[in-house]
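Engineer: Can you keep this structure in mind? I'll have questions shortly.
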Amino acid sequence: MRGRLLQYSGDQVTRPMKDRTREAVFNLLGPSVCGAEVVDWFAGTGALAIEAISRGAQHATLVERHIPTWRVIKRNLEQLEIDGKCRVERADAFFVADQLLPRERRTIHFFSPPYDLYVDQMAAMVQLIERAAAGSIAGSQLVIESDHRFDYESHLTLPVTWRVRQYSPAIVAIGLLENTVATNNVEA
C-alpha cells in the first residue's frame, strides 16, 4: 500500500500524523506489529491502522466520531481492499471503550487525538488510556502522540517501559505493558 494516497475529509480538527512521524513510530514498533490487534482510538484518516495492516497486523478497530471523517475512513479501507481486516466504529472513543475492551490478544493502542483534547479533556484522556491498558494483556503497547502540554509520565500510573521521541511539535511515547493492570485501579 506504499505510496497510495488516502482521501481526507478536509476537516481542520482532523490532524493526520505527519508521514515522517508515522514512519518513525512504525520503525520503533518494528516486528511487534505482525499478528497484533490494533485499536486506533481517534482514527482521523485511518492512516495508523492502515499502516499497521500493511505491516502485518491481524486486525484493526478504528474509532471515529466525526461522521464525514468516518465515511472517508470507510472509503479508504474499501479502496485499499482491507475493509475485511478492519472494523470502523462511528463513536466517541470516551464512550465506546467498554465495548472494545478487554482485549485477549496482544494489542497496539494508538492515541493520536487533536492535541487540545489532552488539555480540554485531560481527565477523560488519562482515563481512556488507563482503561485501554487495564483491558490489555502484557506485551501490548500504547502509542501516545501529544504535544508538550501533556506530561504522560506525571498523569499516567501504569506498569510501562516508555520510549519517547520528539518530532516537533509532536512528542510520541510508546509504552510496553510489562504486566496486566488491575482493572479495579481504573475508574469505569
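Quick note on numbering: the sequence shown equals residues 126 to 313 in the numbering used here.
All residues carry an ideal CB built from backbone N, CA and C; glycine is no exception.
#1: Work out the CA separation of A257 and L316 for me, nearest whole Å.
#2: Can you check DSSP and say which residues form a bridge with H234?
#3: If we count the other Cβ atoms within 10 Å of its Cβ and call it buried at 16 or more, is H273 buried or exposed?
#4: Could you tell me which residues DSSP puts in a beta bridge with E206?
#5: Once you ignore the five residues that flank T308 on each side, which residues in its own chain have a CB closer than 6 Å to its CB?
#6: Give the straight-line distance between the Cα atoms of I198 and I175, rounded to the nearest whole angstrom.
#7: Distance check for H234 and W166, CA to CA, integer angstroms please.
#8: From the DSSP secondary-structure annotation, give me the bridge partner or partners of Y292.
#9: According to the Cβ coordinates, are L187 and A168 closer than 7 Å?
#10: Taking a contact to mean a Cβ-Cβ separation below 7 Å, would you say I77 touches A185 in this structure?
#11: Roughly how many angstroms separate the alpha carbons of F236 and L267, rounded to a whole number?
Structural biologist: According to the structure shown:
#1: Outside the shown range of the chain, which is 126 to 313, sits residue 316, and nothing can be said about it.
#2: Position 109 of the sequence shown holds residue 234. DSSP, once it has assigned bridges, lists V164, L267 as partnering H234.
#3: Residue mapping note: residue 273 aligns to position 148 of the sequence shown, counting from 1. H273 comes out exposed.
#4: Taking the sequence shown and counting its residues from 1, one reaches residue 206 at position 81. Answer is none; E206 lacks a bridge partner.
#5: On the sequence shown, position 183 is the one that residue 308 refers to. Per-residue confidence for T308 stands at a pLDDT of 46, beneath the threshold of 50, marking its modelled position as unreliable; the derived number appears in the next sentence. Within the same chain, T308 has close Cβ partners A259.
#6: Numbered from 1 along the sequence shown, position 73 holds the residue referred to as residue 198. Numbered from 1 along the sequence shown, position 50 holds the residue referred to as residue 175. Roughly 10 Å between the two C-alpha positions.
#7: Position 41 of the sequence shown, counted from the first residue, corresponds to residue 166. Position 109 of the sequence shown, counted from the first residue, corresponds to residue 234. Approximately 7 Å between the Cα atoms of the pair.
#8: Here residue 292 corresponds to residue number 167 of the sequence shown, with the count starting at 1. A295, per the DSSP bridge assignment.
#9: Start at 1 with the first residue of the sequence shown, and residue 187 comes out as number 62. Start at 1 with the first residue of the sequence shown, and residue 168 comes out as number 43. It is a contact, given that the beta carbons lie within the stated cut-off.
#10: Because the chain spans 126 through 313 in this model, residue 77 falls outside it and cannot be assessed.
#11: To locate residue 236, count along the sequence shown from 1; it is residue 111. To locate residue 267, count along the sequence shown from 1; it is residue 142. Taking the straight line from one Cα to the other gives about 8 Å.
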